[in-house]
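*Asks:*
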Amino acid sequence: MRLDTGEGVLSLTVPVHAEQDRLPGDPGVWLFITADVFVFGLFFLLFSLGRVAHPALYERSRLVLNPTLGLANTLILLTSSWFMVRAVTAAREGARRRVMRNIALAMAVGSVFAVTKIIEYSAKIHAGITMLSNEFFTYYFVFTGIHFLHYIIGMVVLMICFHKAKTQPIDGNYVVWIESSGCYWHMVDLLWVVLFPMLYLLRAA
Amino acid sequence: MSALLRLPATRVWLVLIAAAVLSWTLSENSTAVKVAASAVVLIAALKVRLIVMHFMELRWRPRPWRILFELWILGVMAIILGGYWMTEL
Amino acid sequence: MGNISEFKYWRFCAWNGPVFMFVFIAFWGLMGHNIPPWNPETPAAVVANWFRADANLIRTGMVMGMTFAVCYCVWGLAIGRVMGKIVGKDSLLVDLQVWGAGLTVVPLLVSTSFWLAGAYRPAALPDEILQLLFDWAWLLIDLAYSVTTVQLFAAGVAFLQDKRPVPLVPKWLAWYGIWVGFMFIAECLMPFFKTGAFARDGILNFWIEFSIWFVWAPLLTVYILKAITRLEQEARG
Chain V
37 MRLDTGEGVL SLTVPVHAEQ DRLPGDPGVW LFITADVFVF GLFFLLFSLG RVAHPALYER
97 SRLVLNPTLG LANTLILLTS SWFMVRAVTA AREGARRRVM RNIALAMAVG SVFAVTKIIE
157 YSAKIHAGIT MLSNEFFTYY FVFTGIHFLH YIIGMVVLMI CFHKAKTQPI DGNYVVWIES
217 SGCYWHMVDL LWVVLFPMLY LLRAA
Chain W
98 MSALLRLPAT RVWLVLIAAA VLSWTLSENS TAVKVAASAV VLIAALKVRL IVMHFMELRW
158 RPRPWRILFE LWILGVMAII LGGYWMTEL
Chain E
-18 MGNISEFKYW RFCAWNGPVF MFVFIAFWGL MGHNIPPWNP ETPAAVVANW FRADANLIRT
42 GMVMGMTFAV CYCVWGLAIG RVMGKIVGKD SLLVDLQVWG AGLTVVPLLV STSFWLAGAY
102 RPAALPDEIL QLLFDWAWLL IDLAYSVTTV QLFAAGVAFL QDKRPVPLVP KWLAWYGIWV
162 GFMFIAECLM PFFKTGAFAR DGILNFWIEF SIWFVWAPLL TVYILKAITR LEQEARG
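Line order of the protein sequences matches chains V, W and E.
The first sequence begins at 37 in the numbering used here and counts up one residue at a time.
The second sequence begins at 98 in the numbering used here and counts up one residue at a time.
The third sequence begins at -18 in the numbering used here and counts up one residue at a time.
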């Protein structure tokens, strides 16, 4: 298959930021995103209830966490999301090379999240702290773990986006694909933005 | 470079980064712990709203979805702050 | 497929879905003390005494459960036929869905047999053995989730490829099924917890996981039956 190395102009006539009556990307992905976001809402509820029931335990355990690593994770995901926004904009303009560059950057930055996460988890496990240590750590490991699974799926989705940009035309179909992927990746980002303060930063008075 | 800074997404990103760093600082140094911790959660809610409205572009999209996500943000904030304040009593 | 009367078999098989659900809720669920199951921290003596006191009720529930477990596979075969009209009947996706539905019958059959075994001769068994039978049945049901995930993923992927202006099965339902398939992965936590949200009777691993599946199945059945009607009309030409 011949690769298109130029940067064409997409013939989308709809201006990007006008009021639109459709969601970005495939609407079905939004069902996925909404469902996930509400399940995490339940997780936040479970954590809050647990914290009300055992405030001293939660505070003691919270102090074991490393908020600097947590902050690093937040900055990583926010930056990665920003690159995806730029990738989507580039896709709407049909600019293949820019799309690929931004997805690559999103993945490169995003991959650091895995590194910090592994460092964080190993440190805990080496210190003898696991998801069975106490209720706080059950929630910590399970919620960040499930989030991490979402992150891994997101990275795979980004890789597919990159591959498609490389081998397929940057047409309307691709735009739907990359918008959907972008929204999923933003969801991964926003869930961490809530998890971080909830787990790491809620200092007891 | 200046073209980059003028982009809404870039500005949004800068705000998000600043908010994240601010939250972290607040939690480490503030003496008014309760207020600081609540501010941290509120900042998180604002960050989420920015991600949803700007990165996910919901600001320009169908109202029912916007409302759904706004309600989710409010609900999550209420749950976390509610639990937090109930504990301190 | 040449024979127009085949569609009535498709329809019969699709109706096996609701039959399965009714039987499982009424007989396995209610009679088997499975909505929700015994909390893992329940003392063995309590579980054992339940087997002894309610033996005939349990036997009845499990006999019905085992008899009708196969309905899940029969239902899956009807889904497979509709899928075949979207992605072609030789598509691997059809096989994956059918096998997924078929294999889901295994944990259902085997686990109900454990409860049945416990209720067969409970007076002669020590409390811990009866507790083990109940525990084992649940470990099997919950951790066999991935066979159903395969069914959910295959069906979802196929339905997403429907190019009809009005798809046979709506895209949101396809996505929902895929989401449910992913959600099941949380069951991996179940063996590690005897209490709380992730235990077998917990808010996540029981109430949410089972509810989301029991929402998918009837919704899909409605659309499969509608699809069969549409396909039949198309075939009549």
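Glycine included, every Cβ here is placed at the ideal spot set by N, Cα and C.
All of these numbers come straight from a predicted model, not from anything done at the bench.
Count the other C-beta atoms from every protein chain shown that fall within 10 angstroms of the C-beta of Arg145/E, then say buried if there are 16 or more, exposed otherwise.
*Replies:* Looking up residue 145/E in the third sequence gives position 164. By the 10 Å Cβ count, Arg145/E comes out exposed.
*Asks:* Looking only at its own chain, which residues have a Cβ that is under 6 Å from the Cβ of Phe79/V, when we skip the five neighbours before and after it?
*Replies:* Walking along the first sequence from the start, residue 79/V turns up at place 43. Around Phe79/V: Phe179.
*Asks:* Between Leu120/E and Met171/E, is the Cβ-Cβ spacing less than 9 Å?
*Replies:* What you label residue 120/E is simply residue 139 of the third sequence in a count that begins at 1. What you label residue 171/E is simply residue 190 of the third sequence in a count that begins at 1. Cβ atoms of Leu120/E and Met171/E: closer than 9 Å.
*Asks:* Under a Cβ-count criterion, where at least 16 other Cβ atoms within 10 Å of its own Cβ denotes burial, should Thr104/V be classed as buried or exposed?
*Replies:* Residue mapping note: residue 104/V aligns to position 68 of the first sequence, counting from 1. The residue is exposed, with fewer than 16 neighbouring Cβ atoms inside 10 Å.
*Asks:* Taking C-beta pairs closer than 8 Å, name the residues in chain V that Ile114/W reaches, listed in chain order.
*Replies:* One-based indexing of the second sequence puts residue 114/W at position 17. Going along chain V in sequence order, the residues near Ile114/W (Cβ under 8 Å) are Leu111, Leu114 and Thr115.
*Asks:* Indicate the three-state DSSP secondary structure (helix, strand or coil) for Thr23/E in the structure shown.
*Replies:* In the third sequence, counting from the first residue as 1, residue 23/E sits at position 42. Of the three classes helix, strand and coil, the one that applies to Thr23/E here is coil, per DSSP.
*Asks:* Can you look up Glu129/V in the DSSP assignment and give me helix, strand or coil?
*Replies:* Here residue 129/V is taken as the residue at index 93 of the first sequence, counted from 1. It is coil, neither helix nor strand.
*Asks:* Examine the Cβ distances between the stretch 54 to 73 of chain E and the stretch 202 to 209 of chain E and report whether three or more of them are shorter than 8 Å.
*Replies:* Yes, the stretch 54 to 73 of chain E touches the stretch 202 to 209 of chain E.
*Asks:* Tell me whether Met167/V sits in a helix, a strand or coil according to DSSP, three-state version.
*Replies:* Residue mapping note: residue 167/V aligns to position 131 of the first sequence, counting from 1. In the structure shown, Met167/V sits in coil (DSSP, three-state: anything other than H, G, I, E or B).
*Asks:* How many angstroms separate the CA atom of Gln204/V from the CA atom of Cys197/V?
*Replies:* One-based indexing of the first sequence puts residue 204/V at position 168. One-based indexing of the first sequence puts residue 197/V at position 161. Computed Cα separation, rounded: 10 Å.
*Asks:* Among Trp121/W, Leu139/W and Glu154/W, whose alpha-carbon lies nearest the alpha-carbon of Val109/W?
*Replies:* Position 12 of the second sequence, counted from the first residue, corresponds to residue 109/W. Of the listed residues, the one whose Cα sits closest to Val109/W is Glu154/W.
*Asks:* Counting pairs of Cβ atoms below 8 Å between the stretch 161 to 175 of chain E and the stretch 183 to 195 of chain E, do you hit three or more?
*Replies:* The stretch 161 to 175 of chain E is in contact with the stretch 183 to 195 of chain E.
*Asks:* Can you name the start and end residues of the alpha helix (DSSP H) that Tyr(-10)/E belongs to?
*Replies:* Reading the third sequence from its first residue, position 9 is the one you call residue -10/E. From DSSP, the alpha helix (DSSP H) with Tyr(-10)/E extends over Glu(-13) to Val4.
*Asks:* Output yes if chain W places a C-beta closer than 9 Å to the C-beta of Leu48/V; else output no.
*Replies:* Along the first sequence, read from residue 1 onward, the residue named residue 48/V stands at position 12. Residue placement at Leu48/V is poorly supported in this model, since its pLDDT is 36, which falls under 50; the coordinates still yield a value, given next. With 9 Å as the cut-off, Leu48/V does not count as an interface residue toward chain W.
*Asks:* Count the other CB atoms within 10 Å of the CB of Arg160/W; is the residue buried (16 or more) or exposed (fewer)?
*Replies:* Within the second sequence, the letter at position 63 stands for residue 160/W. Classification of Arg160/W: exposed, given that the 10 Å Cβ count is below 16.
*Asks:* By the 9 Å beta-carbon criterion, what residues does the stretch 163 to 183 of chain E contribute toward chain V?
*Replies:* Answer set for the stretch 163 to 183 of chain E: Phe163, Met164, Ile166, Ala167, Leu170, Phe173, Phe174, Gly177, Ala178 and Phe179.
*Asks:* Could you name the residues of the same chain whose beta carbon sits closer than 6 Å to that of Lys144/W, not counting the 5 residues immediately before and after it, in chain order?
*Replies:* Taking the second sequence and counting its residues from 1, one reaches residue 144/W at position 47. Excluding sequence neighbours, Lys144/W sits near Leu113 and Ala116.
*Asks:* Quick check on the DSSP output: the alpha helix (DSSP H) that includes Ala216/E runs from which residue to which?
*Replies:* Residue 216/E sits at position 235 when you count from the first residue of the third sequence. Residues Glu190 to Arg217.
*Asks:* Counting only beta-carbon atoms, is Trp19/E nearer than 9 Å to chain V?
*Replies:* Mapped onto the third sequence, residue 19/E falls at position 38. Not closer than 9 Å to any Cβ of chain V, the Cβ of Trp19/E fails to qualify, so no.
*Asks:* Residue ranges of each alpha helix (DSSP H) run of no fewer than 4 residues wholly in the stretch 135 to 200 of chain E, ordered along the chain?
*Replies:* Whole alpha helix (DSSP H) segments, 4+ residues: 152 to 164.
*Asks:* Closer than 7 Å, Cβ to any Cβ of chain V: which residues of the stretch 146 to 158 of chain W, in chain order?
*Replies:* Against chain V - using a Cβ distance shorter than 7 Å - the residues of the stretch 146 to 158 of chain W are Ile148, Val149, Phe152, Met153, Glu154, Trp157 and Arg158.
*Asks:* Assuming Leu133/E contacts Val161/E under a Cβ cut-off of 8 Å, what Cβ separation, rounded to an integer in Å, is found between them?
*Replies:* For the purposes of this step, residue 133/E is taken as the residue at position 152 of the third sequence. For the purposes of this step, residue 161/E is taken as the residue at position 180 of the third sequence. The Cβ separation is near 6 Å, so the contact holds.
*Asks:* Following the continuous alpha helix (DSSP H) through Phe152/W, name the residue where it begins and the one where it ends.
*Replies:* For the purposes of this step, residue 152/W is taken as residue 55 along the second sequence, with counting starting at 1. Where Phe152/W is concerned, there is no enclosing alpha helix (DSSP H), given that its DSSP letter is neither H nor E.
*Asks:* Which residue comes first and which comes last in the alpha helix (DSSP H) that contains Met64/E?
*Replies:* Position 83 of the third sequence, counting from 1, holds the residue named residue 64/E. It spans Cys52 to Val68 - the alpha helix (DSSP H) in which Met64/E sits, taken as one unbroken run.
*Asks:* Quick one: which chain W residues come within Cβ less than 9 Å of His183/V?
*Replies:* Numbered from its first residue, the first sequence carries residue 183/V at position 147. Under the 9 Å cutoff, chain W gives no residues; its nearest Cβ is about 14 Å from His183/V.
*Asks:* Here's a check: name, in chain order, each residue in its chain whose Cβ is nearer than 7 Å to the Cβ of Val28/E, leaving out the five neighbours to either side.
*Replies:* Sequence index remark: in the third sequence, residue 28/E carries index 47 (1-based). Cβ neighbours of Val28/E beyond the five flanking positions: Trp19, Leu111, Gln112 and Phe115.
*Asks:* Rounded to a whole number of angstroms, what is the C-alpha to C-alpha distance between Val87/E and Ala25/E?
*Replies:* In the third sequence, the residue the question calls residue 87/E occupies position 106. In the third sequence, the residue the question calls residue 25/E occupies position 44. In a straight line, the C-alpha of Val87/E is about 27 Å away from that of Ala25/E.
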